[in-house]
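Number of protein chains: 2
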Amino acid sequence: MESRCENCIVRQFNSLRAMSKEELKEVSDSKVTKKYKKGETLFEEGEKLNGVFCVREGVSKMSKLSANGKDQIVKLATTGEVIGQRAVIVEEPTNLSAIAVNDMEVCFVPKEIIVNSMHKNPDFTLEVLRHMAHDLKEADDVIVNMSQKTVKQRIAEAFLYLKNNYGVDEEGYLSLTLSREDIANVVGTATESCIRIISEFKKKGYLKTSGKRIGIANEKELQDLIDGF
Amino acid sequence: MESRCENCIVRQFNSLRAMSKEELKEVSDSKVTKKYKKGETLFEEGEKLNGVFCVREGVSKMSKLSANGKDQIVKLATTGEVIGQRAVIVEEPTNLSAIAVNDMEVCFVPKEIIVNSMHKNPDFTLEVLRHMAHDLKEADDVIVNMSQKTVKQRIAEAFLYLKNNYGVDEEGYLSLTLSREDIANVVGTATESCIRIISEFKKKGYLKTSGKRIGIANEKELQDLIDGF
DNA sequence: TATAAAACATGACAATTGTCAGTTTTTTTA
DNA sequence: TAAAAAAACTGACAATTGTCATGTTTTATA
């Protein structure tokens, strides 16, 4: 039997926490839990979404194809986050693709439930608004980083981000392993440049690697580099 | 005597249009109309805002100081737009500075009025949410442009943006004149690089200039350049 | 309107980053 | 576990972009 949203811990971290008991029941009754394997697509840029996805487990990369054929990863969506909200609110096709970075479990909630609640429950709408306001600030920060920091700084920043948000395993390697190509697509550079800089960081003792796994060996030096020292 | 919000055309373009008559009256009674000369600061990054600003006339650049001391212009806010909303919603200091690009007239609305309406009027909240969702999409697009397009393409794009959004004067020059430095700060490049590329575009017949005024002489070529031909 | 200040412009050069063309290693799958 | 596929890596080189230094033009102001 499916688990009930009312008892879902994940909900504490997203806008669904502002829903009433009745609304939650509705969500719970209509939601569909889906599993995606690493690399599978939740949805693609340009698709019309008829609901939102609440991430229970795993990480999804949210990306946009650029004119030159490269994917730019705009953000990573993690446990607790609701994705697809933006498109549902403005009733437009989504501007981003969502692809599982590792195995995922997500709950799909039909848009009618969400839209309905937004018309009836101002607290819920306000909570959604707060989350979107937060996302917008983060997007502003990304814009500034993209244009004002070097590729080296952005890569260093990406690793600290991964450490702070997803932690490290018992051997000290980052728990969330992204391919070099994905990292390049996060910081907006060529895969080769990304690999080269990782090699350089390794030589300098800032990072350690084991296959595709990467660990931070000298956090302070990385931070100094980001800060421009 | 101050003009009434109820009759303000500007309101049609922003979230205030979802307000009830009573709410609008409240706004109207508590708002303060302010004028800013070109170059003056509406507010600075890190400030706490105790209200929002509704732009009646003129344009404001919304920027963020980066670690290397350069301002990155994240967006331009124009007639009809409400600025400072994000900060008021999340109850945080604002993450952006607002500086008048030309002479401005704005209405300052105390945050209590806004917050109050957001708790009581779901239509208003939803309308604010829609606007923020739109801003977020635009920010995503900027991120992709920043990381995947060349400086040359971004500058070309900036000029077409200025033409499409602010139009041209009778001589064919862009109605909104930004300094070369501002343009550089919009596209995220060095002022010298920006000037150089403008000169190049002029030589190639894509642009014409007269002092600091700039006009588009060959829109198609600019568009081709943006599209990567 | 003379003078100062700001903005615009250009050259020379160095640093950063991307592209292409491969090789090697790791991971996946039959 | 062998073969195939994908990912990681490296070198060489070119293109892009930033920096510094300096001169010119435009704009603002006393």
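So the protein lines, in turn, are chains A and B. Here my numbering is used: the first residue of the first sequence is 273, the next is one more, and so on. Here my numbering is used: the first residue of the second sequence is 273, the next is one more, and so on. C-beta: ideal position from N, C-alpha, C; glycine also. Bear in mind that the values here come from a model prediction, so they are computed numbers and not experimental data.
On a CA-only basis, which of Glu-295(A), Ile-355(A), Tyr-438(A) and Lys-307(A) is nearest His-391(A)? Give me that one, please.
Per the Cα distances, Glu-295(A).
Which residue from Glu-363(A), Asn-279(A) and Thr-463(A) puts its Cα closest to that of Asn-322(A)?
Of Glu-363(A), Asn-279(A) and Thr-463(A), the residue nearest in Cα terms is Glu-363(A).
Drop a sphere of 10 angstroms on the beta-carbon of Pro-394(A), count the other beta-carbons inside from all chains shown, and report buried for 16 or more, exposed for fewer.
Answer is buried; the Cβ neighbour count reaches 16.
For Arg-452(A), collect the residues of the same chain with a Cβ closer than 8 Å to its Cβ; drop the 5 residues on either side in sequence, then sort them by chain order.
Within the same chain, Arg-452(A) has close Cβ partners Thr-463, Cys-466, Ile-467, Ile-470 and Lys-484.
With H, G and I counted as helix, E and B as strand and the rest as coil, what does DSSP make of Ala-359(B)?
Three-state DSSP puts Ala-359(B) in a helix.
Under 8 Å Cβ-Cβ, which residues of chain A neighbour Pro-394(B)?
By Cβ distance, chain A contributes Met-390, His-391, Lys-392, Asn-393, Pro-394 and Thr-397.
In the DSSP output, which residue or residues are listed as bridge partners for Tyr-433(A)?
Beta-bridge pairing links Tyr-433(A) to no other residue.
If you drop the 5 nearest sequence neighbours on each side, which residues of the same chain put their C-beta closer than 6 Å to that of Arg-276(A)?
Contacts found: Ser-300.
Along the chain, where does the alpha helix (DSSP H) that runs through Leu-398(B) open and close?
Where Leu-398(B) is concerned, the enclosing alpha helix (DSSP H) stretches over 394-420.
Use the C-beta contact count for Lys-347(A): other C-beta atoms within 10 angstroms, 16 or more gives buried, fewer gives exposed.
Answer is buried; the Cβ neighbour count reaches 16.
When DSSP labels each residue in this structure, what does Met-376(A) get in the three-state scheme?
Of the three classes helix, strand and coil, the one that applies to Met-376(A) here is strand, per DSSP.
In chain order, what residues of the same chain lie with their CB nearer than 6 Å to the CB of Met-273(A), ignoring the 5 residues before and after it?
Bear in mind that the predicted position of Met-273(A) carries a pLDDT of just 45, short of 50, making it unreliable; the figure below should be weighed with that in mind. Excluding positions up to five away in sequence, the list is empty.
To be precise: take each residue of the stretch 325-348 of chain B, compare its Cβ to all Cβ atoms of chain A, and keep it if any distance is under 7 Å. Which residues remain?
Cβ contacts with chain A come from Lys-336, Ser-338, Ala-339, Asn-340, Lys-342, Gln-344 and Val-346.
Which of the three DSSP states, helix, strand or coil, is assigned to Thr-463(A)?
In the structure shown, Thr-463(A) sits in a helix (DSSP, three-state: H, G or I).
When you compare only the Cα positions, how much space is there between Phe-315(A) and Ser-369(A)?
The straight-line gap from Cα to Cα measures roughly 6 Å.
When the Cα of Gly-356(B) is compared with those of Tyr-308(B), Lys-383(B), Ile-415(B) and Val-458(B), which residue comes out closest?
Of the candidates Tyr-308(B), Lys-383(B), Ile-415(B) and Val-458(B), the one whose C-alpha sits nearest the C-alpha of Gly-356(B) is Lys-383(B).
I'd like to know if Ile-486(B) contacts chain A, where contact means its C-beta is closer than 8 Å to some C-beta of that chain.
No, Ile-486(B) does not count as interfacial toward chain A.
Whole beta strand (DSSP E) runs in the stretch 448-501 of chain A with 3 or more residues, listed along the chain?
Segments of the beta strand (DSSP E) lying fully in the stretch 448-501 of chain A: 479-482 and 485-488.
For a test of the three-state rule: what should DSSP assign to Lys-554(B), helix, strand or coil?
In the structure as shown, chain B starts at 273 and stops at 501, and residue 554(B) therefore has no counterpart that could be examined.
Quick check on Lys-306(A): does DSSP put it in helix, strand or coil?
Residue state, collapsed to three classes: strand.
Whole angstroms are fine: how far does the CA of Asn-374(B) sit from the CA of Phe-501(B)?
Cα to Cα, Phe-501(B) sits roughly 35 Å from Asn-374(B).
For the beta strand (DSSP E) that contains Glu-329(B), what are its first and last residues?
From DSSP, the beta strand (DSSP E) with Glu-329(B) extends over 323-329.
Between which residues of its own chain and Asp-478(A) is the CB-CB distance below 7 Å, once the five residues before and five after are set aside?
The sequence given here has Tyr at residue 478(A), not Asp. Ala-489, Asn-490, Glu-493 and Leu-494.
Could you compute how far the alpha carbon of Val-282(B) sits from the alpha carbon of Leu-434(B)?
Each residue's Cα considered, the two are about 20 Å apart.
Asn-367(B) touches chain A at which residues, Cβ-Cβ below 7 Å?
Ordered by position in chain A, the residues that pass the 7 Å Cβ test against Asn-367(B) are Lys-409 and Asp-412.
Below 8 Å on the Cβ atoms is my guess for Ile-361(B) versus Ala-411(A); work out the distance and round it to an integer in Å.
Actually they do not touch by this definition, with Cβ atoms about 15 Å apart.
Out of Asp-496(B), Asp-343(B), His-403(B) and Ser-482(B), which has the shortest C-alpha to C-alpha gap to Gly-352(B)?
Nearest C-alpha to Gly-352(B): His-403(B).
With DSSP collapsed to three states, give me the class of Leu-368(A).
Three-state DSSP puts Leu-368(A) in coil, outside helix and strand.
Helix, strand or coil: which one does DSSP assign to Ser-389(A)?
Ser-389(A): helix per DSSP, three-state reduction.
Between Thr-461(A), Cys-326(A) and Val-304(A), which has its C-alpha nearest Met-418(A)'s C-alpha?
The shortest C-alpha separation from Met-418(A) is found at Thr-461(A).
Express the C-alpha separation of Asp-413(B) and Leu-398(A) in angstroms, rounding to a whole number.
Looking at the two C-alpha atoms, the distance is approximately 25 Å.
Give the DSSP-derived three-state secondary structure of Ser-332(B) in the structure shown.
Strand at Ser-332(B).
Roughly how many angstroms separate the alpha carbons of Tyr-308(B) and Gln-284(A), rounded to a whole number?
Computed Cα separation, rounded: 44 Å.
Could you give the DSSP three-state label for Lys-347(B): helix, strand or coil?
Here Lys-347(B) sits in strand by DSSP.
Using the beta-carbon count (16 or more within 10 Å), is Lys-310(B) buried or exposed?
So Lys-310(B) counts as exposed.
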